[in-house]
Structure formats: structure tokens, C-alpha cells
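In what follows, a structure is listed as C-alpha cells, so that the remarks can point back to it.
Protein chains: 2
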Amino acid sequence: MIVRQTSQVEGTRADARGDGWRSLRMLTRADGMGFTITHTTVEAGFRAELQYRNHLEACLCLEGALEIQNLDTGERHVVRTGTVYALDRHDKHTVSALERTTLVCVFAPALVGEETHDESGGYPAAE
Amino acid sequence: MIVRQTSQVEGTRADARGDGWRSLRMLTRADGMGFTITHTTVEAGFRAELQYRNHLEACLCLEGALEIQNLDTGERHVVRTGTVYALDRHDKHTVSALERTTLVCVFAPALVGEETHDESGGYPAAE
Chain A
1 MIVRQTSQVE GTRADARGDG WRSLRMLTRA DGMGFTITHT TVEAGFRAEL
51 QYRNHLEACL CLEGALEIQN LDTGERHVVR TGTVYALDRH DKHTVSALER
101 TTLVCVFAPA LVGEETHDES GGYPAAE
Chain B
1 MIVRQTSQVE GTRADARGDG WRSLRMLTRA DGMGFTITHT TVEAGFRAEL
51 QYRNHLEACL CLEGALEIQN LDTGERHVVR TGTVYALDRH DKHTVSALER
101 TTLVCVFAPA LVGEETHDES GGYPAAE
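Protein chains in written order, with my numbering: chain A, 1 to 127; chain B, 1 to 127.
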């Protein structure tokens with residue numbers, strides 16, 4: 001059994017940050033679960049174009065509001081508390097934070113832990 | 001892209017309930033993600049002996065307090081807001097809710113959606 005608190009992840013390599021976002025990877029590849037759970041915060045005004053070619057990702061919004069646009073289909077959705085969105089086709093998408101937003105995100109396969117987005121808007125394969 | 005709100009799951013087969021617990025399976029096997037994300041509530045006083053032989057499960061506590069005991073090792077942990085616990089060895093365990101508690105739980109492989117605990121305290125394999 002693994003038991004871990006956000007305070008144990010803060011300040012480690014699994015506390016990944018960029019301009020307007022922070023993602024605590026609460027479980028990483030080393031934990032052997034096959035998936036990562038993050039606690040992620042994005043600040044109001046954050047905007048990114050993302051595509052996770054090497055991972056499936058789904059997020060549950062805990063608080064706040066995001067607009068998600070699927071760049072393949074053009075569809076837009078506002079994600080608020082209690083909304084899940086899942087990129088089941090490795091969808092190329094934009095995330096625009098309408099407010100400060102907190103999310104729990106799941107990545108499969110698991111992240112190594114320290115990933116930040118590369119030039120394609122995704123994370124490298126763990127190999 | 002899948003976008004789904006808790007209100008769309010409430011009252012469906014993926015709104016699983018038992019005595020003192022309720023689990024909204026926000027993603028199920030039919031979604032093809034390979035994992036399930038739930039939004040789960042357990043009431044104060046809930047207690048269950050569980051073992052997921054067919055799944056790996058990890059939960060992030062959003063609010064409240066649980067005591068988790070690993071029945072193989074005897075170790076006990078209090079899980080509060082911001083704590084993840086992961087049953088990386090299919091650990092046989094008890095969950096005792098010290099308060100009303102909300103969790104986001106991830107199961108891999110995904111749940112069909114309508115599972116409730118069987119006599120072993122787990123969920124059947126999808127097949």
C-alpha cells in the first residue's frame with residue numbers, strides 16, 4: 001500500500017510547473033500502478049495547445065472553469081466542477097482557463113513524474 | 001473527446017450505491033480509456049473490508065477523513081484531504097470513514113460501471 005500526501009510531493013521532481021500551471025504527480029511510474037494521478041492547478045488566463053500522443057489523459061474538474069477545444073473537430077466545451085473530459089483519441093486540443101481551476105488528472109501509462117510539455121504539447125513516452 | 005458531467009451519470013447504472021457509499025463511475029470500460037475515474041462519497045461510520053483482486057485502485061481524498069488498514073501488514077493510515085492511497089499489491093484492507101469523505105478513485109482496468117462489492121470485497125473481472 002502506498003500512502004502519500006501532497007506535502008510529500010511538493011518541492012520534489014514530481015512537482016512539475018510551468019507558466020500558469022502546476023501539477024503534483026501523486027503517483028508516478030516508479031509506483032508500478034500503470035497510471036499517474038495528478039493534482040493540477042491552472043491559473044486564470046492559462047492557455048495551451050496540447051496533444052498527448054504517448055498517453056491517454058482524463059481530468060475531473062474540482063473547481064473553476066476551463067474551455068477545452070478539440071482542434072480536430074472544432075468542438076468546444078466548458079469544463080466546470082464535476083465535469084470529466086477524456087482525450088480518448090489522443091485529441092489535439094487547447095485548454096483555456098476561464099478561472100483558476102483545479103483538476104485531478106489521470107495519465108496512462110504512468111508519467112515518470114518530472115515531465116513538462118514538449119514542443120508538440122505532450123509528454124515523451126517513458127520508453 | 002469525451003465530456004461528461006456528474007449530473008449525466010447520476011441515476012444511471014454507473015451511479016453505484018450501497019449502504020453508506022456512493023460511487024459515480026465517470027468513465028467506464030465502454031469509454032476505452034483502460035481505467036475508470038470515480039467520484040465517490042462515503043458516509044461517516046461506513047466501514048468495509050475490501051480487496052480488489054482484479055483491479056489496481058488508487059484514491060485521492062478531496063475532503064473528510066478515512067482510516068485505512070492494510071490487513072496483511074496491520075499498518076494503519078489516516079487519509080485526509082490531499083492524501084493518495086494506492087493498493088499496489090491488491091492489498092486486503094479496511095476502509096473506515098471517520099467523517100463523511102469524498103474521493104476520486106481510479107481503477108485499472110476499467111470498471112464496467114455497475115459493480116458493487118462481492119463477497120470477497122472486490123469487483124469481478126470484466127471477463
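Idealized CB from N, CA, C, for every residue including glycine.
Amino acids of chain B, ordered along the chain, whose beta-carbon sits closer than 7 Å to that of A:Q5: Those are G82 and T83, listed as they occur along chain B.
When the Cα atoms are used, what is the spatial distance from B:T40 to A:R47? Roughly 30 Å between the two C-alpha positions.
What does DSSP give as the partner residue(s) for B:G18 in the beta ladder? Residue pairing of B:G18 in beta bridges, as defined by DSSP: B:W21.
Pick helix, strand or coil for B:V78, following the three-state DSSP scheme. If DSSP states are grouped into helix, strand and coil, B:V78 belongs with the strands.
Residue span of the alpha helix (DSSP H) that contains A:Q8, given as start and end: T6 to V9 is the span of the alpha helix (DSSP H), which, as asked, contains A:Q8.
Quick one: using the 10 Å Cβ neighbour count with 16 as the cut-off for buried, is B:T101 buried or exposed? Counting Cβ neighbours within 10 Å, B:T101 comes out buried, since at least 16 surround it.
Residues of chain B with CB closer than 9 Å to the CB of A:E75, please, in chain order. Within 9 Å Cβ-Cβ: M1 and V3.
Check each candidate in B:Y85, B:V42 and B:A44 and name the one with the smallest Cα separation from B:L60. Nearest of B:Y85, B:V42 and B:A44 to B:L60, Cα basis: B:Y85.
Under three-state DSSP, which class holds B:A44? Three-state result, B:A44: coil.
Going straight from the alpha carbon of A:H93 to that of B:T6, what length do you get? Using only the alpha carbons, I get a separation of about 22 Å.
Quick one: which chain B residues come within Cβ less than 7 Å of A:F46? Within 7 Å Cβ-Cβ: nothing; A:F46 doesn't reach chain B, min ~19 Å.
So, does the CB of B:A86 fall closer than 8 Å to a CB anywhere in chain A? Yes, its Cβ sits closer than 8 Å to a Cβ of chain A.
Are the C-beta of A:A108 and some C-beta of chain B separated by less than 8 Å? Under the Cβ distance rule, A:A108 counts among the residues neighbouring chain B, one pair being separated by less than 8 Å.
State the beta-bridge partners of A:S96 as determined by DSSP. Its beta-bridge partners are A:R47 and A:E67.
Secondary structure at B:A30, three-state DSSP: helix, strand or coil? The answer is helix: DSSP assigns B:A30 an H, G or I state.
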